[in-house]
Amino acid sequence: MGRIFMGGKDGSLFEIVYQNEIGWWGQRCKKVNHSKGALSYLLPAFINSAFYEDDAIVQIAVDNSRNILYTLTEKSSIEVFDLGADGLAMARVASITHSTLLNHIGTIVNFYCYCSTLDMKEISKVVTLCPLEVTDSQEIGVVGVTESGVRLYLSTGYSYPHRPSTLHVVHVRLPTGYSSNSEVFNPSQVISSIQKRGMH
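For the sequence shown, my numbering assigns the number 4 to the initial residue and increments by one for each residue that follows.
As structure tokens, this is what we get:
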């Protein structure tokens with residue numbers, strides 16, 4: 004049996020949960036917010052708005068081989084949820100903002116000189132997430148593709164079959180034919196990406 008997830012304009016991940024018997028409010032289904040704690044429901048809306056800035060979810064992607072769910076927001080924040088080994092659980096594991104992504108990338112670029120020509124200004128917002136299945140990689144969990152075509156390979160911690168525990172960039176790959184001083188081969192704008200057997 005499948006599960007129904009929805010993204011909110013404030014970056015929250017919602018799930019429509021069905022139950023066999025009618026609940027206290029005379030309904031068989033309810034909407035559960037997996038991103039915010041129980042305290043947020045007790046606070047008035049104007050107080051909640053002071054703590055939570057609108058950053059709508061633009062993509063929900065699931066790695067069915069590991070039972071891991073990823074969300075991507077308009078401002079390039081990525082969040083990881085563990086659905087459990089059986090796919091029936093739900094736990095918010097980690098999140099990473101665009102500014103933290105840039106810090107991770109900067110560390111990799113400085114440590115490994117393989118992409119020293121990369122202009123950090125080229126790391127525009129992430130426009131799509133492509134989860135990698137276990138058969139593609141046991142270490143890399145998901146690939147984020149930026150608007151400029153840069154691919155960010157992210158890990159969720161220990162390799163499979165361990166459950167996800169974190170989220171960080173472990174590898175950066177530039178667009179094919181990339182040159183920092185030429186616009187001939189540089190993609191003008193990427194709006195989406197597909198992945199099949201490790202190829203993007």
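Glycine is no exception: its CB is placed at the ideal position from the N, C-alpha and C atoms.
Model, not experiment: these values are computed from the prediction.
Practice problem: State the CB to CB distance for the pair Gly144 and Pro167, rounded to an integer number of angstroms; the pair is presumed to be in contact (CB under 8 Å). | Solution: Going by Cβ atoms, the distance from Gly144 to Pro167 rounds to 7 Å, so yes, they are a contact pair.
Quiz prompt | Cβ neighbours of Ala64 in the same chain (closer than 6 Å, five flanking residues each side left out) | solution = Taken in chain order, the residues that qualify are Tyr73, Leu132, Pro134.
Practice problem: Please list the segments of the alpha helix (DSSP H) lying wholly inside the stretch 65-150, counting only runs of 4 or more residues, in order along the chain. | Solution: DSSP runs (the alpha helix (DSSP H)) wholly in the stretch 65-150: 101-114.
Practice problem: Determine the burial state of Glu56: buried for a count of at least 16 other Cβ atoms within 10 Å of its Cβ, exposed for fewer. | Solution: Of the other Cβ atoms in all chains shown, fewer than 16 fall within 10 Å of the Cβ of Glu56; this residue is therefore exposed.
Quiz item: Does the separation of the CB atoms of Phe17 and Lys33 fall below 8 Å?
Solution: Not a contact, by the Cβ cut-off of 8 Å.
Quiz item: Helix, strand or coil: which one does DSSP assign to Val153?
Solution: The answer is coil: DSSP assigns Val153 none of H, G, I, E or B.
Self-check item: Coarse secondary structure for Lys39, derived from DSSP in three states
Solution: Of the three classes helix, strand and coil, the one that applies to Lys39 here is coil, per DSSP.
Quiz item: Are the C-beta atoms of His174 and some chain C residue less than 8 Å apart?
Solution: You won't find chain C in this structure, because it holds only one protein chain.
Practice problem: Following the continuous beta strand (DSSP E) through Arg176, name the residue where it begins and the one where it ends. | Solution: Per DSSP, the continuous beta strand (DSSP E) segment holding Arg176 begins and ends at 171-176.
Practice problem: Might you give, ordered along the chain, the residues of its own chain that have their beta carbon closer than 8 Å to the beta carbon of His171, omitting 5 neighbours on each side? | Solution: Cβ neighbours of His171 beyond the five flanking positions: Ile99, His107, Leu157, Ser158.
Quiz item: Is the beta carbon of Ile111 less than 8 Å from the beta carbon of Val175?
Solution: The answer is yes: Cβ separation under 8 Å.
Quiz item: Counting along the chain, where does the beta strand (DSSP E) carrying Tyr21 start and finish?
Solution: 16-21 is the extent of the beta strand (DSSP E) around Tyr21.
Self-check item: Buried versus exposed, by CB contacts within 10 Å (16 or more), Phe114
Solution: Exposed.
Quiz item: Taking the alpha carbon of Ser140 as the point to measure from, which residue in Gly152, Arg6, Gly160, Val153 has its own alpha carbon closest?
Solution: Restricting attention to Gly152, Arg6, Gly160, Val153, the CA atom closest to the CA of Ser140 is found in Gly160.
Exercise. Give the single residue among Glu136, Thr169, Glu150, Val137 whose Cα lies nearest to the Cα of Leu177.
Key: Among Glu136, Thr169, Glu150, Val137, the Cα nearest to that of Leu177 is on Glu150.
Quiz item: Under three-state DSSP, which class holds Ser168?
Solution: Note: Ser168 maps to coil in three-state DSSP.
Exercise. Please list, in chain order, all residues of the same chain as Thr76 whose beta carbon is under 6 Å from its beta carbon, the five residues on each side excluded.
Key: If we look at Thr76 and ignore the five residues flanking it on each side, its Cβ neighbours are Gly14, Asp58, Ile60.
Exercise. Sort out for me which residues DSSP pairs Lys34 with in a bridge.
Key: Its beta-bridge partners are Ile19.
Exercise. Pick helix, strand or coil for Ser158, following the three-state DSSP scheme.
Key: Per DSSP, reduced to three states, the secondary structure at Ser158 is strand.
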